[in-house]
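Each remark here refers to the structure printed beneath this line.
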Amino acid sequence: MILNNYQTSIKMLVMGILMFFLTVTTARSQETDSSLNDIEFTEIKPDSGVRDSITATIVSPAKQSADVAGPDKNLLKKEEKQGLTGIFIAGFIGGLAALLMPCIFPMLPLTVSFFTKGSQTKGKAVSRAMFYGLSIIVIYVVLGLLVTVLFGPDALNSLSTNGIFNFLFFILLLIFAISFLGAFEITLPSSWVNKMDANSDKGGLAGLFFMAGTLALVSFSCTGPIIGTLLVQAATSGALLGPAVGMFGFSFALAIPFALFALFPSWLSALPKSGGWLNSVKVVLGFLELALAMKFLSNVDLAYHWNWFDREVFLVLWIVIFGLMGLYLLGKLKFSHDSPVNFISVPRLLIAIVVLSFTVYMIPGLWGAPLKSVSAFLPPQATQDFDLYTATLTGGSSGHTIKHEEGPHKYSDIFHAPLNLNVFFDYEEGVAYAKKVKKPVLLDFTGHACVNCREMEANVWSVKEIFSKLNNDYVIIQLYVDDKTELMENEKFKSKFSGRDVKTLGNKWSDFQASRFNSNSQPFYVLLGHDEQLLSPPTGAVKAGEYLEFLDSGLKTFNK
Numbered sequence: 002m003i004l005n006n007y008q009t010s011i012k013m014l015v016m017g018i019l020m021f022f023l024t025v026t027t028a029r030s031q032e033t034d035s036s037l038n039d040i041e042f043t044e045i046k047p048d049s050g051v052r053d054s055i056t057a058t059i060v061s062p063a064k065q066s067a068d069v070a071g072p073d074k075n076l077l078k079k080e081e082k083q084g085l086t087g088i089f090i091a092g093f094i095g096g097l098a099a100l101l102m103p104c105i106f107p108m109l110p111l112t113v114s115f116f117t118k119g120s121q122t123k124g125k126a127v128s129r130a131m132f133y134g135l136s137i138i139v140i141y142v143v144l145g146l147l148v149t150v151l152f153g154p155d156a157l158n159s160l161s162t163n164g165i166f167n168f169l170f171f172i173l174l175l176i177f178a179i180s181f182l183g184a185f186e187i188t189l190p191s192s193w194v195n196k197m198d199a200n201s202d203k204g205g206l207a208g209l210f211f212m213a214g215t216l217a218l219v220s221f222s223c224t225g226p227i228i229g230t231l232l233v234q235a236a237t238s239g240a241l242l243g244p245a246v247g248m249f250g251f252s253f254a255l256a257i258p259f260a261l262f263a264l265f266p267s268w269l270s271a272l273p274k275s276g277g278w279l280n281s282v283k284v285v286l287g288f289l290e291l292a293l294a295m296k297f298l299s300n301v302d303l304a305y306h307w308n309w310f311d312r313e314v315f316l317v318l319w320i321v322i323f324g325l326m327g328l329y330l331l332g333k334l335k336f337s338h339d340s341p342v343n344f345i346s347v348p349r350l351l352i353a354i355v356v357l358s359f360t361v362y363m364i365p366g367l368w369g370a371p372l373k374s375v376s377a378f379l380p381p382q383a384t385q386d387f388d389l390y391t392a393t394l395t396g397g398s399s400g401h402t403i404k405h406e407e408g409p410h411k412y413s414d415i416f417h418a419p420l421n422l423n424v425f426f427d428y429e430e431g432v433a434y435a436k437k438v439k440k441p442v443l444l445d446f447t448g449h450a451c452v453n454c455r456e457m458e459a460n461v462w463s464v465k466e467i468f469s470k471l472n473n474d475y476v477i478i479q480l481y482v483d484d485k486t487e488l489m490e491n492e493k494f495k496s497k498f499s500g501r502d503v504k505t506l507g508n509k510w511s512d513f514q515a516s517r518f519n520s521n522s523q524p525f526y527v528l529l530g531h532d533e534q535l536l537s538p539p540t541g542a543v544k545a546g547e548y549l550e551f552l553d554s555g556l557k558t559f560n561k
């Protein structure tokens with residue numbers, strides 16, 4: 002998956018941190034100085050012809066440009082620009098959140114006083130503070146670049162679909178969440194801090210640089226989980242510069258206050274006093290980290306078909322997490338490091354109402370409500386065991402009980418058709434059916450970990466006009482590029498395009514997409530005629546109006 006998927010997943014992080022900032026204001030105001038089991042599927046025997054047919058469609062890169070139109074380059078550039086902007090914004094907000102951590106906030110006046118009192122002129126104080134801030138930026142951007150160098154661009158692109166990495170990210174975020182909730186602190190070896198602190202005493206620009214390094218090390222127990230979360234999100238975006246851009250946004254937000262307070266020292270008097278409210282900041286972030294961790298575990302569950310995290314199970318966990326956050330904001334839930342809450346301020350009460358309202362908003366999802374505002378982060382609607390919503394679209398019963406007249410499709414025992422549509426999960430089978438019913442093909446390259454894919458299915462495919470065309474005018478073929486289902490031995494092959502061994506169903510469709518359409522992004526929609534040639538240029542995640550035009554253009558070309 003590339004940056005397009007990340008753009009949607011970052012919304013949760015930004016939304017959560019914004020909620021956290023609102024909480025900080027109110028916390029400070031009260032502080033003193035101190036399933037499918039019932040369905041039987043027809044057994045489908047291995048078809049060796051599938052592999053030969055698929056590999057036969059693979060063309061060389063040179064020939065491909067003449068025969069097959071690739072993705073719109075302008076669209077890809079637009080997606081990349083928007084994705085990097087989203088990464089920077091998330092990093093910037095994360096940096097602002099880090100400023101309010103107990104490890105950094107009390108150091109602001111001390112550090113600025115060091116610049117102002119240790120300099121003969123105001124200009125020198127500002128220049129020293131500027132260099133100090135620049136040093137912070139350099140340190141964190143280098144950290145982001147190291148992530149890119151260590152993993153490499155190819156690895157970054159595959160991280161979002163790798164089950165092992167997603168599970169490790171879940172464990173990592175779970176540890177961060179538990180740390181923020183107060184169970185323990187994540188610290189770096191004291192020898193590192195002492196050595197860096199000794200170098201900061203040298204004076205001059207080198208001393209300022211090591212002073213910035215000392216800040217990064219000393220504050221790691223507070224900033225580590227935030228940095229880790231940002232790096233995980235940026236790394237799994239598949240963007241080569243994602244980690245560096247994220248760290249630039251983070252460090253830029255962290256460095257700005259030091260320069261501003263050095264320029265306007267009188268502003269320091271407006272800062273709130275340190276106190277127990279700083280711990281409330283950590284706890285709220287801990288709840289958000291815990292909610293985000295569930296998404297990574299869900300990715301693994303979907304890719305390996307464990308069927309532990311159906312949509313309603315995921316929702317129950319989120320309802321409990323955000324419900325507990327609301328109780329914490331009301332002062333009904335306390336942790337070991339929390340200060341006594343003598344009263345609840347009106348702003349804090351309002352924020353608690355927002356959090357608890359969001360909690361109540363998710364409850365109807367247990368019965369199938371689409372929850373479009375968060376649908377991108379949830380498991381597919383089709384994994385819902387009790388779904389009252391889909392029936393309203395189809396005028397029939399739930400998609401789990403529908404059997405289409407042509408019989409169960411290949412792989413329908415492991416994949417779920419969105420919105421009860423008649424979806425095929427095998428290219429050859431779908432194309433053969435399209436020729437039989439004389440309809441064009443909508444080829445949907447998707448993924449279990451693709452948040453934009455889920456958003457398109459929930460918010461675009463469900464639009465009445467679009468749903469009607471998908472249901473009546475097209476044969477839909479969904480190919481999961483990140484699925485871990487092992488291929489039969491006679492279906493495995495070595496890719497002529499990449500030279501890699503194709504062992505899983507996801508490998509097969511990913512190789513097919515890259516070799517045939519010169520793209521590895523999801524969602525990726527392709528309209529094909531019976532000759533398997535393009536009816537219109539492929540597209541990615543777009544708004545409903547644009548998607549409807551895309552479908553109409555394909556039908557117009559097909560009916561000529």
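Heads up: the sequence shown is residues 2 to 561, going by our numbering. The beta-carbon is built from N, C-alpha and C at its ideal position, and this holds for glycine as well. Computed from a predicted structure; not experimentally measured.
First through last residue of the alpha helix (DSSP H) which encompasses residue i
{"i": "Ile467", "result": "465-473"}
{"i": "Thr558", "result": "545-559"}
{"i": "Ser261", "result": "A quick correction: the sequence has Leu, not Ser, at residue 261. It spans 243-264 - the alpha helix (DSSP H) in which Leu261 sits, taken as one unbroken run."}
{"i": "Phe170", "result": "164-181"}
{"i": "Leu603", "result": "Within the shown structure, residues of the chain are numbered from 2 to 561, placing residue 603 beyond reach of any answer."}
{"i": "Phe185", "result": "From DSSP, Phe185 is part of no alpha helix (DSSP H); its letter is neither H nor E."}
Where the beta strand (DSSP E) through residue i begins and ends
{"i": "Ile364", "result": "Where Ile364 is concerned, there is no enclosing beta strand (DSSP E), given that its DSSP letter is neither H nor E."}
{"i": "Ser537", "result": "535-540"}
{"i": "Phe336", "result": "Unbroken run through Phe336: none, as it is neither H nor E."}
{"i": "Tyr481", "result": "476-481"}
{"i": "Val1", "result": "Residue 1 is absent from the model: the chain starts at 2 and stops at 561."}
{"i": "Leu444", "result": "442-447"}
{"i": "Leu506", "result": "Element bounds for Leu506: not the beta strand (DSSP E) but the alpha helix (DSSP H), 506-518."}
{"i": "Tyr526", "result": "525-529"}
heavy atom of the ligand MN below 7 Å from residue i C-beta
{"i": "Leu144", "result": "Inclusion of the ligand MN in the displayed structure is not the case, the ligand content being empty and no account of it being possible."}
Euclidean distance between Cα positions of residue i and residue j
{"i": "Ser554", "j": "Thr360", "result": "41 Å"}
{"i": "Leu289", "j": "Ala178", "result": "8 Å"}
{"i": "Asp302", "j": "Gln385", "result": "14 Å"}
{"i": "Phe297", "j": "Leu174", "result": "9 Å"}
{"i": "Asp339", "j": "Leu279", "result": "9 Å"}
{"i": "Ser374", "j": "Gly124", "result": "49 Å"}
{"i": "Ile138", "j": "Leu264", "result": "19 Å"}
{"i": "Glu550", "j": "Leu389", "result": "30 Å"}
{"i": "Asn472", "j": "Phe221", "result": "53 Å"}
{"i": "Asp311", "j": "Val438", "result": "34 Å"}
{"i": "Leu331", "j": "Ala353", "result": "6 Å"}
{"i": "Gly214", "j": "Ile140", "result": "7 Å"}
{"i": "Met102", "j": "Met108", "result": "10 Å"}
{"i": "Pro381", "j": "Phe185", "result": "35 Å"}
{"i": "Leu85", "j": "Gly145", "result": "13 Å"}
{"i": "Ile55", "j": "Thr447", "result": "Low local confidence applies: a pLDDT of 44 at Ile55 is under 50, so the model's placement there is unreliable, with the coordinate-based value given in what follows. Answer to the nearest angstrom: the Cα atoms are 18 Å apart."}
Exposure of residue i, with buried meaning 16 or more beta-carbon neighbours within 10 Å
{"i": "Trp462", "result": "buried"}
{"i": "Asn167", "result": "buried"}
{"i": "Ser61", "result": "Because Ser61 sits at a pLDDT of 37, beneath the cut-off of 50, its placement in the model cannot be relied upon, and the point is left open."}
{"i": "Arg501", "result": "exposed"}
{"i": "Gln534", "result": "exposed"}
{"i": "Phe559", "result": "buried"}
{"i": "Gly546", "result": "exposed"}
{"i": "Thr33", "result": "A caution first: Thr33 carries a pLDDT of 35, below 50, which makes its placement in the model unreliable, though a value can still be read off. Exposed, because fewer than 16 other Cβ atoms sit within 10 Å of the Cβ of Thr33."}
{"i": "Lys470", "result": "buried"}
{"i": "Trp510", "result": "buried"}
{"i": "Ile165", "result": "exposed"}
{"i": "Lys485", "result": "buried"}
Neighbourhood of residue i by C-beta distance below 6 Å, restricted to the same chain and skipping five residues each side
{"i": "Ile320", "result": "Thr360, Met363"}
{"i": "Gly287", "result": "Ala178, Phe181, Leu182"}
{"i": "Leu357", "result": "Gly327"}
Neighbourhood of residue i by C-beta distance below 8 Å, restricted to the same chain and skipping five residues each side
{"i": "Lys544", "result": "Val461"}
{"i": "Phe89", "result": "Val246, Gly247, Phe249, Gly250"}
{"i": "Val284", "result": "Phe181, Leu182, Gly183, Tyr329, Phe336, Asp339"}
{"i": "Asn195", "result": "none"}
{"i": "Lys495", "result": "Arg501, Asp502, Val503"}
Cβ neighbours of residue i in the same chain (closer than 7 Å, five flanking residues each side left out)
{"i": "Lys411", "result": "Ile45, Phe426, Asp427, Glu430"}
{"i": "Leu209", "result": "Arg129, Phe132, Tyr133, Ser136"}
{"i": "Gly95", "result": "Ile18, Ile227, Leu231, Phe251"}
{"i": "Ile322", "result": "Phe288, Leu291, Ala292"}
{"i": "Asp474", "result": "Lys440, Leu556"}
{"i": "Asp512", "result": "Ser496, Phe498, Ser499, Val503"}
Does the structure place the segment 244-261 close enough to the segment 213-233 that three or more beta carbon pairs sit under 8 Å? Enough Cβ pairs lie closer than 8 Å, so yes.
I'd like to know if the segment 305-318 and the segment 256-263 are in contact, where contact means that at least 3 CB-CB pairs between them fall below 8 Å. no
Q. Is it a yes or a no for the segment 440-452 touching the segment 524-534, going by three-plus beta-carbon pairs under 8 Å?
A. yes
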